Amino acid sequence: MKNNIYLSSCFMLALLTLFSCEAYLEPDLSDNQLATSDVFASDATAISAINGVYGDFMLRTDPINISNGSLSVMGGLCADELYDFTQTYQSYNINEVPFTAFGPDYYYWYDTYNIIYSANAILEGLEDAPNVSEDLKVQLRGESYFVRAFLHFYLVNMYGGIPLITSTDYKENASKGRASVAEVYEQVITDLKSAEDLLTDEYPSDKKLRPNKYVVQAMLSRVYLYMQEWKLAEDYTTKLINGPYALEDDVEQVFGIDNQETIWQLIPSNTNSTVVNEGRWFNPGQTPTYV
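Just so we're aligned: the sequence shown equals residues -25 to -1, 1 to 266 in mature numbering (1 follows the signal peptide of the UniProt record, and there is no 0).
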């Protein structure tokens, strides 16, 4: 009888501890956070969510961010196109990339998966968003599929097989192993084809800051090229050539915000001290960081 009482008491104590932990692990939102229901409370808040995703592409200056230096510098170093005088990223020159806490490799990995998580959160949030218009839901789904494909593509080309993250389920994601390169490419193509079906030729925002169908087709042409699917790469490249883009006659206009060569562009974050890192590092008017 004493044993039964003891076991019952232990069980009740464990149960109370479990519920206490669950309550403890559900902190209040901070002032700069929104609940999912608030994010999709209207068209305006949903658009703010996708704009926040693009803002994360250019979030920081140092260490470099995914689209503010990482793709240019790390890819160039791995391919022996660049040499790092500072030795900060020299490990990429010799293709021996360590995973150091809060180093450049950490941020390349962390930032990319952080944005993938945001894209997944938008896709899942739109499934139950009665206050968001149907046309906008279609647009945002297309953009989110594109973002997820874009980032998985550059991860697989930097690291080979990677965890393929297509949901916000942290329990499932925490135990995911590396998918094969072929599996990642298959998911990238699936997401891009979904985006192509959902998006239109028109840009949903001014200055080409959010992708349209042509942006997706440009990405498909690159992915098929990397897959050595020559005919498909040619087909999608031809769609771009026949699209509403043209080469600038005036070289001084090439880097202008309204130049007609641009397919997709990202606005620098307000937290950046410079416009883009490439302009700072590859500046011929001073001693360059990378050559």
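All C-beta atoms in this analysis are idealised placements derived from N, C-alpha and C, irrespective of residue type, glycine included.
It should be emphasised that the depicted structure is a prediction, and the values quoted were computed from it without experimental measurement.
- Annotation for aspartate 18: the continuous alpha helix (DSSP H) segment containing it runs 18 to 32.
- With fewer than 16 other CB atoms across the displayed protein chains lying within 10 angstroms of its CB, lysine 146 is exposed.
- One Cα belongs to alanine 193, the other to threonine 212, and the distance between them is close to 7 Å.
- Glycine 100 and phenylalanine 15 have their C-alpha atoms roughly 7 Å apart.
- Only residues of its own chain outside the window of five on either side were considered, and among them Asn234 have a CB closer than 7 Å to the CB of glutamine 228, listed in chain order.
- Counting C-beta pairs with one atom in each stretch, the region 141 to 161 and the region 92 to 99 have three or more that are closer than 8 Å, which means they touch.
- In its chain, beyond the 5 residues on either side, Ile41, Leu126, Tyr129, Leu130 have a beta carbon closer than 8 Å to the beta carbon of threonine 87.
- Secondary structure note for alanine 170: its alpha helix (DSSP H) is the uninterrupted segment 156 to 173.
- Minimum Cα-Cα distance from leucine 207 among the listed residues Leu215, Gly218, Asn217, Leu195 corresponds to Leu195.
- Counted as a single uninterrupted DSSP element, the stretch harbouring alanine 104 is not any alpha helix (DSSP H), since DSSP gives it neither H nor E.
- Residues of the same chain with a CB within less than 8 Å of the CB of leucine 167, apart from the 5 flanking positions on each side, are Tyr120, Phe121, Ala124, Val191, Met194, Leu195, Val198 in chain order.
- Collapsing the DSSP output to three states places phenylalanine 125 in a helix.
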